[in-house]
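Novice: Dropping the structure in here first, questions after.
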Amino acid sequence: MIMMMMKTMTTMTMIKKRPAQNARFLVSSLSFSALFTMVTGLEISNQVSQLAEQNNQTLLTTASSQLPASTPEPAVSSSQVANTIVEAPAPSSAAKIDSVTTTKKKKKQKTTADQPAVVVVEPAPVSEPVVTVVEVAPAPAPAADATSSAS
Amino acid sequence: MEKILIDKFRAMGSEFFVKIISDDTSLLAMVKKEVEKLEAKWSRFIGDSEISLLNNGSVMPVMVSDETRDLVLKMLNGYRITKGIFDPTVLPRLIEQGYKNSLSDPKKSSQIKADAKWPIDFLKTEVSGNLVFLPTGTTLDPGGIGKGLTADLICTQVMSKGALGCLISAGGDIRVKGAGPHQGNWILAIEDPIDKNSVISQVQIQDGAVATSSRLKRKFSEKSNHLIDIRTGKSANESVQAVSVISSTAALAEVLCKLPFGTSIEESFKIIENQNSAALVVTDDDLVHSSASWKRYVNE
């Protein structure tokens, strides 16, 4: 809430510097300030009564002394912005020539499909339908068409 | 109705495996015939092949066929991009290491001229139209790049005849084109260099190639094999057991396969990835090293 009040004060300051450009902005920010003051009034009044007992100061002075010194938001330099940007990872590329993958040699049995696939289709005999429940097994890896080897 | 046509036969000292998706069974015979034609042009064990004429001819330049001109140009390109680690002129050293005779027919042997030497500044080779001028003392060994280019050329021919898909494996250098039988893709396994009944990886490719080189195959003695380390001029014996490369063509994959046998794995992977290719290297300590792009193709 204190930050919101500070921003309102900052806004007021900005309007003061650029009066010609901010007529509409001035109306909306002043309305906001009034609303803000009503909302925070209760909170501040408690603090004020404590302080009034101590040093007998006015509402505005006490309220402003409760606020931390207005410090402008630190400006973010271009170098700081640059340091916070996260570079997207380079897309993986098949031509990433520095990449070598090394694994332990694993052997599999060689299978080669070399039977001619001449298919002869005969009409199936008519019979009563049979419902069969079959467990779905993982499809076997297809046999290789040929094997590359040193000659 | 489309069928998967399959054939196996031996040529170029290796096993060929063919898989074509087509109902035109004459394509299998066409493939075998084209492989034999290319072997007749490129084998260093055939005295009147174009490669033998280049290696032993006393007159330069030599007029060659379109296919041989393309082979020499691809050799030059491979030599350039690998900074000489892929070197098709190491035949004198290969013969010294024990690879003089054909493995499939030991009665056939390579003959090279007396002034054959290595190293050679291969980049001084000139190709003008179908004329090839080799620097003095140069001898060429098509070897793996010849098989890779064979797979590339024949795959293209098969597809031009209307096939839906084609796979040609030339001694383990595989080229695939067109629609494969697995939802348009081809699934290719990478053989374990120690155990040929096991695989260490499986990849999925639609149009491209995989080639594999290993110092454990084609051994002539405990320390001699067919892969020459250009740093020493002797058989490769460092910790790399086998290299597999995925690339756009089998010829390029074969070239790039040689890199880890002549430089560090890290340096090899840089060059391979710069060629839009991917690599898998198996080392003696049972570790598998893969380049960044390899996982894009893995099907496991």
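As given, the protein sequences belong to chains A and B, one line each in that order. With the numbering used here applied, the first sequence corresponds to residues 338 to 488, in that order. With the numbering used here applied, the second sequence corresponds to residues 5 to 304, in that order. Ideal placement from N, C-alpha and C gives every residue a C-beta, glycine not left out. In this text, all values refer to a predicted model and were calculated from it rather than measured experimentally.
1. Is the CB-CB distance between V244/B and K442/A below 8 Å?
2. Measure the C-alpha to C-alpha separation of R3/B and G150/B and round it to an integer number of angstroms.
3. Can the beta-carbon of V259/B be found closer than 8 Å to that of T143/B?
4. Determine the chain A residues that contact N201/B at a beta-carbon separation under 8 Å, and present them in chain order.
5. At least one CB of chain A closer than 8 Å to the CB of T154/B: is that the case?
6. Using only the alpha-carbon positions, how far apart do T129/B and N280/B sit?
7. Compare the C-beta of V292/B with all C-beta atoms of chain A and state if any pair is closer than 8 Å.
8. Is K12/B near F20/B, with beta carbons less than 8 Å apart?
9. Is the shortest distance between the beta-carbon of S69/B and the beta-carbons of chain A less than 8 Å?
10. Is there at least one Cβ from chain A nearer than 8 Å to P123/B's Cβ?
11. Going by beta-carbon coordinates alone, are G148/B and I124/B separated by less than 8 Å?
12. Check distances from the C-beta atoms of the segment 182 to 207 of chain B to those of chain A and list, in chain order, the residues that come in under 8 Å.
13. May I have the straight-line CA-CA distance separating T287/B from N81/B, to the nearest angstrom?
14. What number of angstroms, rounded off, separates the C-alpha of N189/B from the C-alpha of S62/B?
15. May I ask you to report which of helix, strand or coil DSSP gives E130/B?
16. Taking buried to mean at least 16 other C-beta atoms within 10 Å of its own C-beta, is V35/B buried or exposed?
17. Would DSSP call D125/B helix, strand or coil?
18. At 9 Å on the CB atoms, spell out the chain A contacts of S30/B, in chain order.
19. Pick out whichever of P146/B, Q161/B and K181/B has its Cα sitting closest to the Cα of D482/A.
20. Helix, strand or coil: how does DSSP classify R14/B here?
21. Which word fits K433/A, buried or exposed, when buried means at least 16 other C-beta atoms lie within 10 angstroms of its C-beta?
22. In the DSSP output, which residue or residues are listed as bridge partners for G188/B?
23. Got a sec, what are the start and stop residues for the beta strand (DSSP E) V214/B sits in?
24. Residues in its own chain within less than 8 Å of R300/B by CB, not counting five upstream and five downstream?
25. Checking the sheet assignment: what are the DSSP bridge partners for Q446/A?
26. Listing by chain order, which chain A residues have their CB less than 8 Å from the CB of T142/B?
27. Could you compute how far the alpha carbon of I50/B sits from the alpha carbon of D109/B?
28. Distance, Cα to Cα, S132/B vs S56/B?
29. Along the alpha helix (DSSP H) that carries S30/B, what are the first and last residues, could you check?
30. CA-CA distance, A215/B and T236/B?
31. For chain A, find out if any of its Cβ atoms is closer than 8 Å to the Cβ of T216/B; answer yes or no.
32. Does DSSP classify H293/B as helix, strand or coil?
33. Under DSSP, the beta strand (DSSP E) around G169/B begins and ends at which residues?
34. Counting only beta-carbon atoms, is S251/B nearer than 8 Å to chain A?
35. Could you check if V285/B belongs to the surroundings of the ligand PLP, using beta carbon to heavy atom distance under 7 Å?
36. Per DSSP, what kind of secondary structure is F20/B in: helix, strand or coil?
Specialist: Walking through what the data contain:
1. no
2. Here chain B comprises residues numbered 5 to 304, so residue 3/B is not present and cannot be evaluated.
3. no
4. Q446 and K447
5. no
6. 27 Å
7. yes
8. yes
9. no
10. no
11. No, the pair does not count as a contact, with Cβ atoms beyond the cut-off.
12. G184, P185, H186, W190, I191, L192, A193, I194, E195, D196, P197, D199, K200, N201, S202, V203, I204 and Q206
13. 27 Å
14. 49 Å
15. Correct three-state label for E130/B: strand.
16. The residue is buried, with at least 16 neighbouring Cβ atoms inside 10 Å.
17. coil
18. Result: empty, since nearest Cβ-Cβ is about 16 Å, beyond 9 Å.
19. K181/B
20. strand
21. Caution applies to K433/A, whose pLDDT of 39 falls short of 50 and renders its modelled position unreliable; the model cannot decide the point.
22. Answer by DSSP bridge pairing, in chain order: G184/B.
23. Per DSSP, the unbroken beta strand (DSSP E) holding V214/B starts and ends at G212 to S218.
24. A282
25. S202/B
26. Chain A residues near T142/B: none, gap ~25 Å exceeds 8 Å.
27. 11 Å
28. Between the C-alpha atoms of S132/B and S56/B there is a straight-line separation of about 19 Å.
29. Run containing S30/B: S30 to W46, per the alpha helix (DSSP H) assignment.
30. 24 Å
31. yes
32. strand
33. Taken as a continuous stretch (DSSP letters only), the beta strand (DSSP E) holding G169/B covers G169 to A174.
34. no
35. Only the bare structure without any ligand can be found here, which leaves the ligand PLP out of the picture.
36. strand
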